[in-house]
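Reviewing the structure listed below.
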Amino acid sequence: MKTKTQIRPGGFIRLAYIDEIDGTPQFCRCYLPSDYDPSKKSALIVFLHGFNPENPDYVGWWQADKRHDPNVDRYNFILIEPHGRGNTQYAGIGDRDVIKCIQMAKEKLSIDEDRIYLTGGSMGGDGTWRIASVHPELFAAIAPVFGGWDFRNTMKNEDLKKLSETEIFMLEKKNSTSQFESLVNMPVLALHGDEDKTIDVENSRYLVRLLQRWGYDVRYIEVPGKGHENLGKDDIIYPWLLQHIRNKSPKQVRIRATDLRTASAYWVKVTQRNKPLQLINVQAEMLTNNIITVNSENVLEMVLSPEEKLILPGQHVNVIWNGEIYTFDNPSAMEFKLRSKELVSQKLHKTPLLAGSISDFTNTPFALVVGTISKDSVMQRVIKQKTEAFVYYWLKWQKFKPRVFNDTEISDADLKNYSLFLIGGPKENKISQRIIKSLPFEIKSHTISIGRKEIQAPDAILEAVYPSPFNEERYIRLLAPTSYEGLYFYDINNADLLNFDYTITDGKILNPGITGLEKKIGFTTGFF
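If you want my numbering, it's the position in the sequence shown, counting the first as 1, plus 1489.
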């Protein structure tokens, strides 16, 4: 029998790991009650910190000198404070960090997995909403404090009416409420001060009303006279959280997601969708007599994995999916795969592991591969500048440099281990040259082709993400110019363009469907 790591009773410890994303050391602060006993299961509360504008080095991080939390003794629980990779809004690598810290706590300490709770303030309040709605199966209850928003509440009606479908979808991806439906089984206690000048109290009021209209289990405390500060309600938050036990096998599951990576909850996982600019919606419910009803939108394939206690043994299972009956004669497998007739077999399908878009690249272990084979000295110089720009961006944000290899020096093992950001096309980068026939792109001096679509693009730059020919669990992110003038248009700070699978930027092409993006640079965008 595997025993938990022997930790001395009480006090402060640090849980740490090397993140495979970029090879950097990450940590999580942990506080144990004075009478911590590894032979007994303890409740775990996860606290998410707020935004720190300076994003300082670890030694200068918020409350770096804190070595004790009185609440862990007062209410007898274990407290962890993930770093969340800094100011990430707890999305992407920030989300991964929080989940990793919970995993480490469960591995190193004696944690009651049915009594894990999530709370935090400001950015941490927003993160509480986000992470709980993406991973509802992990938590027994949550308590977001002055955090979260919805663009429908923050924008004027006349401005909302002007938004294109693409703009609305992109706002949904940023929205705190984009996956709220999955909180159907989650008790929520939200708090806000009525004089908050940093985050308008109307945000919390709107989110709470939304859940109330759906009949969800939500409570709200608005503290008179309090602003963006400690509301002094620990004696309410912690006892309220600790009274709840996780519902790990709910009969009803709901999913609303913008991508495949987050389109899962409890015993439902979406594995293929149809339209990239449309939300994924699922409502699944376990009825009597081994009947499961599933209603969905924008879903081509999903897997249902209900726990055994929800299924009558020795009887077949009927799944009614959008009105069509699917019968499974072997319920002992406890995994029912549903596949739409509209799903066409083809070489490439997105998966929850590689969901796209370009922004998803840095959610995987990655490395930059710098092109060095161009015969044009100006092109070589611009490639170097763009590489340095990405390295500076990552260093400023994450305090560590990312992995960087020259295209002529990277090993076969590294090509397989990492998602590869290939800076330079087949004329500039040896690795791009090696794999270009495996990718649906063709770059010429005046045109760029995506599949069968050819675009006139002299002095342009293609940025695209695609599954790696070296490893089906990794990406290729290609940055391929038609000239060194075109390469100048690559801007690491234009985050909006990272929401697509590919973009072509040339200063001339304008995509009228994306009205909210920068007009000084022309572009065309798309999905695979």
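Positions of the beta carbon are idealized from the N, C-alpha and C atoms, including for glycine.
Exposure label - Ile1814; buried when at least 16 CB within 10 Å: Under this definition Ile1814 is an exposed residue.
Pick helix, strand or coil for Arg1604, following the three-state DSSP scheme. strand
Buried or exposed for Tyr1525, please, with buried defined as at least 16 other CB atoms from any protein chain shown within 10 angstroms of its CB. buried
What runs of the beta strand (DSSP E), each 3 residues or longer, lie entirely inside the stretch 1677-1722? 1677-1682, 1707-1712
Go to Trp1904, then tell me how far its alpha helix (DSSP H) extends in each direction, as first and last residue. The amino acid occupying residue 1904 in the given sequence is Leu; Trp does not appear at that position. From DSSP, the alpha helix (DSSP H) with Leu1904 extends over 1901-1906.
Does Pro1559 come out as helix, strand or coil in the three-state DSSP assignment? helix
Does the separation of the CB atoms of Leu1780 and Ile1809 fall below 8 Å? A quick correction: the sequence has Ile, not Leu, at residue 1780. Yes.
Starting from the Cα of Pro1854, find the closest Cα among Tyr1709, Glu1509, Gly1581, Arg1743 and give me that residue. Glu1509
Look at Phe1640 and Ile1688 and say whether their C-beta atoms are less than 8 Å apart. Against a cut-off of 8 Å, the Cβ pair of Ile1688 and Phe1640 comes out as no contact.
Supposed close pair Leu1909, Arg1966 - CB separation, criterion 8 Å: Their Cβ separation, rounded to whole angstroms, is 7 Å, which keeps Leu1909 and Arg1966 in contact under 8 Å.
Distance between Glu1931 and Ile1657 (C-alpha atoms, nearest Å): Linking Ile1657 to Glu1931 through their CA atoms gives a straight-line distance of about 31 Å.
Considering Cα atoms alone, identify which of His1538, Leu1598, Ile1591 is closest to Ser1528. For Ser1528, the nearest C-alpha among the options comes from Leu1598.
What's the gap between the Cα of Glu1684 and the Cα of Lys1715? 5 Å
With a Cβ-Cβ cutoff of 8 Å, do Ala1679 and Tyr1709 count as a contact? Cβ atoms of Ala1679 and Tyr1709: closer than 8 Å.
For Gly1803, count neighbouring C-beta atoms within 10 Å of its own C-beta (all shown protein chains included) and say buried if the count is 16 or more, exposed if not. Exposed is the call here.
Bridge partners for Asn1960 per DSSP, in chain order? Ser1957
Quick one: is Phe1566 buried, meaning 16 or more other Cβ sit within 10 Å of its Cβ, or exposed? buried
Give the DSSP-derived three-state secondary structure of Glu1509 in the structure shown. coil
Note the first and the last residue of the continuous alpha helix (DSSP H) segment covering Arg1735. Neither: Arg1735 is in no alpha helix (DSSP H) and is coded neither H nor E.
Buried or exposed for Pro1514, please, with buried defined as at least 16 other CB atoms from any protein chain shown within 10 angstroms of its CB. exposed
Lys1873, enclosing alpha helix (DSSP H) - first and last residue: Per DSSP, Lys1873 is one residue of the alpha helix (DSSP H) stretching across 1866-1887.
From what residue to what residue does the alpha helix (DSSP H) around Arg1641 run? 1640-1643
Excluding five sequence neighbours on each side, which residues of the same chain lie with their C-beta closer than 6 Å to the C-beta of Lys1662? Thr1747
Inter-residue Cα distance where the pair is Met1823 and Phe1628: Roughly 23 Å between the two C-alpha positions.
Excluding five sequence neighbours on each side, which residues of the same chain lie with their C-beta closer than 6 Å to the C-beta of Glu1952? Leu1968, Thr1992
Please list, in chain order, all residues of the same chain as Asn1988 whose beta carbon is under 8 Å from its beta carbon, the five residues on each side excluded. Met1659, Lys1662, Ser1846, Ile1847, Ser1848
Which value, in whole angstroms, describes the spacing of the CA atoms of Ala1621 and Glu1962? 26 Å
What is the residue span of the beta strand (DSSP E) that Thr1617 lies within? Per DSSP, Thr1617 belongs to no beta strand (DSSP E); it is in the alpha helix (DSSP H), 1612-1623.
Just to confirm before moving on: does the CB-CB distance between Leu1749 and Thr1840 stay below 8 Å? The Cβ atoms of Leu1749 and Thr1840 lie closer than 8 Å to each other.
Between Leu1766, Ser1738, Val1858, Gln1732, which lies nearest to Ala1773 when the distance is taken from Cα to Cα? Ser1738
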